[in-house]
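Trainee: Quick one: this structure, given as structure tokens, is what I'll be asking you about.
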Amino acid sequence: EMGQNFAGGGVPPLPKSFLMKLIGFIGRVSMAYYDRAFEAIPAIKQKDDFFFLNIIKNSGDSRKTDVINQHMLGLSTGIDTLNRLLAQELITEHPDPSDKRAKLLRITPKGIDVLYQCYHAAQKVNEIILHDMSDDDVQLCIQLLRGVEAKHSALVMELRDKSMEEMYEKVVGVKPAAP
């Protein structure tokens, strides 16, 4: 137990709430550390630049909306990010052979170089955050959380425009209890 002031504001009474507080706090800390780590990489203006390059490299040729949706950004912010990457020649656009109206994105050799610089910086962030965890504990966390990540990766786009009650019913399978 970390004490009453753990991560600012005490320990939630329910285990699932406590777990989500831990995950959320670690996520916020990692984003703050990524901001600092990417300051040393001039081509990366925002951490979303890194995440988009990573998505495009690992997904292969991708449509703009697919990249934006995979990272769960709004359309205008996502387009701004992609335009910045295009202007820096970190990615290119080319015609989609299956849809003449659409274009596909591809990472450039320059983009790959920048992405590998980001990977190196991200490794430092990971080591800072997880330094005191054993490899076995890290593997256990991956094993325990992998299913949650997979489930919600598949659901998030479908759920994001629904009300909380609709989300709850879709995921949990019953209507939420009245407050």
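So for the sequence shown, the numbering used here puts the first residue at -5; every next one is plus one. For every residue, glycine included, the Cβ atom is placed at its ideal position computed from N, Cα and C.
Please go through the same chain and pick out, in chain order, the residues whose beta-carbon is closer than 7 angstroms to the beta-carbon of glutamate 83, but skip the five residues on each side of it.
Mentor: Thr102 and Lys104
Trainee: Can you tell me which residues form a DSSP beta bridge with serine 56?
Mentor: Answer is Leu99.
Trainee: With isoleucine 85 as the anchor, note down where its beta strand (DSSP E) starts and where it stops.
Mentor: 85 to 90
Trainee: Which residue marks the beginning of the alpha helix (DSSP H) containing serine 128, and which one marks its end?
Mentor: Premise fails: serine 128 is in no alpha helix (DSSP H) and is neither H nor E.
Trainee: Name, in chain order, the residues that DSSP records as bridge partners for alanine 93.
Mentor: The sequence shown places aspartate at residue 93, not alanine. Beta-bridge pairing links aspartate 93 to Asp90.
Trainee: Return yes when the Cβ of serine 56 is within less than 7 angstroms of the Cβ of isoleucine 62, no when it is not.
Mentor: No, the Cβ-Cβ distance between isoleucine 62 and serine 56 is not below 7 angstroms.
Trainee: Where does methionine 174 sit, in a helix, a strand or coil, going by DSSP?
Mentor: As displayed, the chain neither begins before -5 nor continues past 173, which places residue 174 out of reach and without an answer.
Trainee: Is leucine 109 closer than 7 angstroms to leucine 47 when the C-beta atoms are compared?
Mentor: Judged by their CB atoms, leucine 47 and leucine 109 are nearer to each other than the 7 angstroms cut-off.
Trainee: Is proline 9 helix, strand or coil when you go by DSSP?
Mentor: Three-state result, proline 9: helix.
Trainee: Should aspartate 29 be flagged as near chain C, meaning a C-beta pair shorter than 7 angstroms?
Mentor: Although the question refers to chain C, the structure presented lacks it and comprises just one protein chain.
Trainee: Taking only runs that begin and end inside the region 108 to 168, name each unbroken alpha helix (DSSP H) of 4 or more residues, in chain order.
Mentor: The qualifying runs are 129 to 153 and 158 to 166.
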